[in-house]
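Peer 1:
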Amino acid sequence: MNDSPYRSWMCVVCGFVYDEAAGLPDDGLPPGTRWEEVPETWTCPDCGVTKDDFEMVTL
Ligand SMILES: [Zn+2]
-9 MNDSPYRSWM
1 CVVCGFVYDE
11 AAGLPDDGLP
21 PGTRWEEVPE
31 TWTCPDCGVT
41 KDDFEMVTL
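Going by my numbering, the first residue of the sequence shown is number -9, and it counts up by one from there.
#1: Anything with a beta carbon under 5 Å from a heavy atom of ligand 1 counts; list them all in chain order.
#2: Compare the Cα-Cα distances from E45 to each of C4, P(-5), W(-1) and A11 and report the closest residue.
#3: Tell me, to the nearest whole angstrom, how far the beta carbon of T23 is from that of E10; I am working on the premise that it is less than 8 Å.
#4: With DSSP collapsed to three states, give me the class of D36.
#5: Our contact map puts C4 next to D36 with C-beta atoms below 8 Å; I'd like the distance itself, whole angstroms only.
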């Protein structure tokens, strides 16, 4: 059980934000999906870069 606070990750290229609490249902990531659980093959829905180009942000 991972009860640490949800975080947000921002694409440094286009500014798209992945919110762990919201997930990305359109990409098959249900709400609550942790960044670590997002597949390495996942890419930014807006610009197509990989997880390597995302940084954790505090909103
Ligand atoms: Zn992007």
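Ideal placement from N, C-alpha and C gives every residue a C-beta, glycine not left out.
Please read all numbers here as calculations on a predicted model, not as lab measurements.
Peer 2: With the structure as the only source:
#1: C1, V3, C4, F6, C34, D36 and C37
#2: Within the sequence shown, the letter at position 55 stands for residue 45. Of the listed residues, the one whose Cα sits closest to E45 is W(-1).
#3: Sequence index remark: in the sequence shown, residue 23 carries index 33 (1-based). Sequence index remark: in the sequence shown, residue 10 carries index 20 (1-based). T23 to E10, Cβ: 6 Å. Contact.
#4: As a position in the sequence shown, residue 36 is number 46, starting the count at 1. Note: D36 maps to coil in three-state DSSP.
#5: Counted from its first residue, the sequence shown places residue 4 at position 14. Counted from its first residue, the sequence shown places residue 36 at position 46. At roughly 5 Å, the Cβ-Cβ gap stays under 8 Å, so C4 and D36 are in contact.
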